[in-house]
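One structure is given below, encoded as structure tokens.
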Amino acid sequence: MSRSVGDYRPRDAEHAVLYRVIDEHLGAFLETTRRQADGVPLPAFVEQEFRDFLTCGILAHGFARLRCSECALERLAPFSCKGRGFCPSCGGRRMTESAARLVDGVLPRVPVRQWVLSLPYRLRYLLAWDHGLARAVLAVSVRVLLGFQRHRARRYGIRAGRSGSVTVIQRFGGGLNLNVHFHTLLLDGVFFEGQEGALEFRPLPPPTDDEVGGVLARIAARVQRLLRRRGRDPWEADGVQADPLVDESPTLAGLSSASVQGRIALGPHAGARVWRLGDDPDAPWVLSTVPRRAHLVGFELHANVAVPATDRARLEQLCRYLLRPAAAQDRLRRLDDGRVVLMLKSPWADGTRQLLFEPLTLLEKLAALIPRPRINLVLYHGVLAPHAGWRARVVTYGVPPAVASPCSEASDTSKSGPRHWAWAALMRRAFDLDVLACPRCGGRLRLIATVEDPEAIRAILGALGGWREREGRAPPGAAGAPPSPAGVLGA
Numbered sequence: 275m276s277r278s279v280g281d282y283r284p285r286d287a288e289h290a291v292l293y294r295v296i297d298e299h300l301g302a303f304l305e306t307t308r309r310q311a312d313g314v315p316l317p318a319f320v321e322q323e324f325r326d327f328l329t330c331g332i333l334a335h336g337f338a339r340l341r342c343s344e345c346a347l348e349r350l351a352p353f354s355c356k357g358r359g360f361c362p363s364c365g366g367r368r369m370t371e372s373a374a375r376l377v378d379g380v381l382p383r384v385p386v387r388q389w390v391l392s393l394p395y396r397l398r399y400l401l402a403w404d405h406g407l408a409r410a411v412l413a414v415s416v417r418v419l420l421g422f423q424r425h426r427a428r429r430y431g432i433r434a435g436r437s438g439s440v441t442v443i444q445r446f447g448g449g450l451n452l453n454v455h456f457h458t459l460l461l462d463g464v465f466f467e468g469q470e471g472a473l474e475f476r477p478l479p480p481p482t483d484d485e486v487g488g489v490l491a492r493i494a495a496r497v498q499r500l501l502r503r504r505g506r507d508p509w510e511a512d513g514v515q516a517d518p519l520v521d522e523s524p525t526l527a528g529l530s531s532a533s534v535q536g537r538i539a540l541g542p543h544a545g546a547r548v549w550r551l552g553d554d555p556d557a558p559w560v561l562s563t564v565p566r567r568a569h570l571v572g573f574e575l576h577a578n579v580a581v582p583a584t585d586r587a588r589l590e591q592l593c594r595y596l597l598r599p600a601a602a603q604d605r606l607r608r609l610d611d612g613r614v615v616l617m618l619k620s621p622w623a624d625g626t627r628q629l630l631f632e633p634l635t636l637l638e639k640l641a642a643l644i645p646r647p648r649i650n651l652v653l654y655h656g657v658l659a660p661h662a663g664w665r666a667r668v669v670t671y672g673v674p675p676a677v678a679s680p681c682s683e684a685s686d687t688s689k690s691g692p693r694h695w696a697w698a699a700l701m702r703r704a705f706d707l708d709v710l711a712c713p714r715c716g717g718r719l720r721l722i723a724t725v726e727d728p729e730a731i732r733a734i735l736g737a738l739g740g741w742r743e744r745e746g747r748a749p750p751g752a753a754g755a756p757p758s759p760a761g762v763l764g765a
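To get the numbering used here, take the position in the sequence shown, counting from 1, and add 274.
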């Protein structure tokens, strides 16, 4: 049974560490970057991401009004910024929704293995801005993986086996550094047509360490050939190559380059390494002994995480890990002198457990993580590709006929379709919280209006004294008829 809304406490966005640092230092950061580039500002989408973040979860910038149909208790739900760069709240919602969509509607009920491809530093910088090149490099690596599965299937007499994959392009590392790398969920076997054209699946054994090394060698060689053909080889001796990012925004190019290297780009410490707490300069650097992991000329591949066909809960956890936001509020702590400490999820090889950022340094790291608008960071290949001939049969493989996606309390699926999840349904799925249950009488909270007009916002918040809930009678009315629930709770 889901917990009630009485257990749910909306986030206090204005007092979170990330909000306070950005609110206090955004102006100085933008001015510093302009001076650094002789008056040339950062790209507009970068500044807009920061400004939108400062409205996320703030009632003063608009909200939805929810009212209990039984006792008239009201709750105000602030709007979100829908940022794609670093907002922990919007990134968390997108993570939960996308993971649910993958598990319920894309990934078939077969074994899945994660293949993670890390790239050399110079290549990370190129791919961070050139999304077309990033997709081309990913396509090369996925073709090698799909070919590897086909080749292994032939050992079992399957000559026309096909596999498929879903890849998340992650742009960040554990230290908020710019680190473009690929997390690929590869079906751990192949589909093929059996008797009478019925689709069948043949699982394959885990790859050996030598096989992972061979796959990485082929990927590295083919990526290097691709870069040479396109004139973008970062290892060319002359080093004289056009840099589109420098041409468009020299400041963002500097921030990105420093972030990839784990260094500071702005201020008196420019060029220095980001401060590490707990590191030991004399710590031995030992290559990992984890199985199914290989290193080669800056490339790294590991494939030791697999999920069996029956464990859908674990598969959803893995999808959330791939889709997680770059920053987590509970890992940030502000010191009395204004600096910010980032606690690492696990210690680094040199013993580092925390990173220490000046406010402007933290903002420069966040700026480098913001993706360009209208680029897709989740990509499908093989039998899971959008136009693959077997896709419709593959995604429903093994699904019981009666299973339906629990996608939308308070959402109009006839308009939005199963791709859109209601806020209430996501909260129930992620945290087992029934946020539409009235904490006072157990009735249901219903959407009655969305409020965006500044004068109406001020009137309502003034009458409520800033509280998110009001018992008994409703707050002063807002202009406009109540919108459909799908427009807000599913937004």
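Glycine included, every Cβ here is placed at the ideal spot set by N, Cα and C.
Would residue i pass as a contact of residue j if the rule is Cβ separation under 8 Å?
{"i": "Val614", "j": "Arg608", "result": "yes"}
{"i": "Asp484", "j": "Arg566", "result": "no"}
{"i": "Val380", "j": "Leu589", "result": "no"}
{"i": "Gly448", "j": "Lys619", "result": "yes"}
{"i": "Thr370", "j": "Leu700", "result": "yes"}
{"i": "Leu393", "j": "Phe631", "result": "no"}
{"i": "Glu729", "j": "Gly336", "result": "no"}
{"i": "Ala402", "j": "Leu452", "result": "yes"}
{"i": "Ala494", "j": "Val571", "result": "yes"}
{"i": "Arg627", "j": "Leu551", "result": "yes"}
{"i": "Gln658", "j": "Val454", "result": "A small correction: the amino acid at residue 658 is Leu; Gln does not occupy that position in the sequence shown. Not a contact, by the Cβ cut-off of 8 Å."}
{"i": "Cys271", "j": "Pro599", "result": "In the structure displayed, the chain extends from 275 to 765; residue 271 sits before or after that span and is not available."}
{"i": "Ala532", "j": "Leu519", "result": "no"}
{"i": "Leu316", "j": "Thr525", "result": "yes"}
{"i": "Gly463", "j": "Arg476", "result": "yes"}
{"i": "Phe319", "j": "Ile644", "result": "yes"}
Taking the alpha-carbon positions, what's the residue i to residue j distance?
{"i": "Ala601", "j": "Trp549", "result": "18 Å"}
{"i": "His289", "j": "Cys364", "result": "17 Å"}
{"i": "Ala733", "j": "Asp378", "result": "43 Å"}
{"i": "Gly656", "j": "Gly357", "result": "30 Å"}
{"i": "Leu529", "j": "Pro542", "result": "15 Å"}
{"i": "Leu592", "j": "Arg503", "result": "36 Å"}
{"i": "Val442", "j": "Arg349", "result": "36 Å"}
{"i": "Arg436", "j": "Arg375", "result": "23 Å"}
{"i": "Leu651", "j": "Arg409", "result": "9 Å"}
{"i": "Thr306", "j": "Leu540", "result": "8 Å"}
{"i": "Ala491", "j": "Ala427", "result": "20 Å"}
{"i": "Ser343", "j": "Arg718", "result": "6 Å"}
{"i": "Ala311", "j": "Ile722", "result": "49 Å"}
{"i": "Arg506", "j": "His425", "result": "31 Å"}
{"i": "Asp611", "j": "Gly301", "result": "19 Å"}
{"i": "Tyr671", "j": "Asp624", "result": "46 Å"}
{"i": "Arg367", "j": "Trp695", "result": "10 Å"}
{"i": "Val579", "j": "Gly438", "result": "17 Å"}
{"i": "Pro508", "j": "Arg496", "result": "14 Å"}
{"i": "Gln444", "j": "Leu450", "result": "12 Å"}
{"i": "Arg309", "j": "Leu501", "result": "34 Å"}
{"i": "Gly313", "j": "Asp521", "result": "15 Å"}
{"i": "Gln603", "j": "Arg714", "result": "30 Å"}
{"i": "Glu683", "j": "Arg285", "result": "Note that Glu683 scores 41 on pLDDT, short of 50, meaning its location in the model is unreliable; the coordinates nonetheless yield the value given after this. Taking the straight line joining both Cα atoms gives about 22 Å."}
Please classify residue i: is it buried, with 16 or more other beta-carbons within 10 angstroms of its beta-carbon, or exposed?
{"i": "His457", "result": "buried"}
{"i": "Gly406", "result": "exposed"}
{"i": "Gln423", "result": "buried"}
{"i": "Glu323", "result": "buried"}
{"i": "Ser415", "result": "buried"}
{"i": "Pro680", "result": "Because the pLDDT at Pro680 is just 49, under 50, the model does not fix this residue reliably, and the point stays unresolved."}
{"i": "Ala334", "result": "exposed"}
{"i": "Ala546", "result": "exposed"}
{"i": "Gln469", "result": "exposed"}
{"i": "Arg703", "result": "buried"}
{"i": "Ile649", "result": "exposed"}
{"i": "Thr584", "result": "exposed"}
{"i": "Pro647", "result": "exposed"}
Just list the residues that DSSP pairs residue i with in beta bridges.
{"i": "Trp549", "result": "Leu630"}
{"i": "Met701", "result": "Its beta-bridge partners do not exist; DSSP assigns none."}
{"i": "Glu574", "result": "Ser392, His569"}
{"i": "Tyr654", "result": "Val440"}
{"i": "Pro599", "result": "BP columns for Pro599 are empty, so no partner."}
{"i": "Arg648", "result": "Beta-bridge pairing links Arg648 to no other residue."}
{"i": "Ala580", "result": "Arg387"}
{"i": "Ala338", "result": "Ala351, Thr724"}
{"i": "Ala711", "result": "Arg718"}
{"i": "Val615", "result": "Arg607, Leu630"}
At a cut-off of 7 Å, would you count residue i as near the ligand ADP, judging by its Cβ distance to the nearest heavy atom?
{"i": "Val486", "result": "No copy of the ligand ADP occurs in the structure displayed, which carries no ligand at all."}
- Considering only residues of the segment 356-424, which uninterrupted alpha helix (DSSP H) runs meet the minimum length of 4 residues and lie entirely inside it, listed in chain order? 362-379, 395-403
- Message: In chain order, what are the residue ranges of uninterrupted beta strand (DSSP E) at least 3 long that sit wholly in the segment 446-497?
- Response: 452-461, 463-467, 473-477
- Item | Entirely enclosed alpha helix (DSSP H) segments - the segment 305-331, minimum 4 residues | 318-327
- Task: Scan the segment 512-536 and note each continuous alpha helix (DSSP H) run of 4 residues or more that stays entirely inside, going in chain order.
- Result: 518-522, 524-535
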